[in-house]
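Undergrad: So for the sequence shown, our numbering puts the first residue at 130; every next one is plus one.
Virtual Cβ for every residue (Gly too), placed ideally from N, Cα, C.
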Amino acid sequence: MADCIFCKIVKGEIPCKKSEETEHFLAFHDIKPQAPAHILIIPKQHIARISELQNCHISLMGEMLLLAATIARQQGFEQDGYRLVLNCGENAGQEVFHIHLHLLAGRKFAWPPG
Ligand code: 5GP
Ligand code: ZN
């Protein structure tokens, strides 16, 4: 997607503070962190939102969760805990229409969320 900001980050056209890269994913620090640690995990493939997922994406999404857990373990978030967030659509506040998993850590999170 030519005008997608996260596709541009994947292509290296927009810089990011990279945390991890695999064959199918890029993980980088959020530009406006909402917690002491705030990492975005995005598939390199452009998929606009969770509601567009199809059967062919099942293993990719499993890989995304496993990568989040791996990064959390490597960064030392496991003991205190962390939050994973997927915003889908307007009411959830999705701003960037390229699937991204928020990995938030380093503070206590409220429930229900705001
Ligand atoms: P959403 O609200 O769509 O779930 O979250 C989008 C996230 O992307 C926000 O937390 C926002 O701060 C982050 N973001 C938007 N543009 C950029 C960018 O150019 N670089 C980085 N690193 N994060 C971005
Ligand atoms: Zn994209």
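Please check the pair S180 and G222, which I expect to be a contact at CB under 8 angstroms, by giving their CB distance rounded to whole angstroms.
TA: So it is not a contact: roughly 15 angstroms between Cβ atoms.
Undergrad: Among L215, N216, V214 and A197, which residue has its Cα nearest to the Cα of E207?
TA: A197
Undergrad: Report yes if the C-beta of D132 is less than 7 angstroms from at least one heavy atom of the ligand 5GP; otherwise report no.
TA: no
Undergrad: Between which two residues does the alpha helix (DSSP H) carrying L155 extend?
TA: No alpha helix (DSSP H) holds L155; the beta strand (DSSP E) holding it covers F154 to H158.
Undergrad: Using alpha carbons as the reference points, say which of K147, T199, Q174 and V139 lies closest to L189.
TA: Q174
Undergrad: Is it buried or exposed for A234, if we count other Cβ within 10 angstroms and need 16 for buried?
TA: buried
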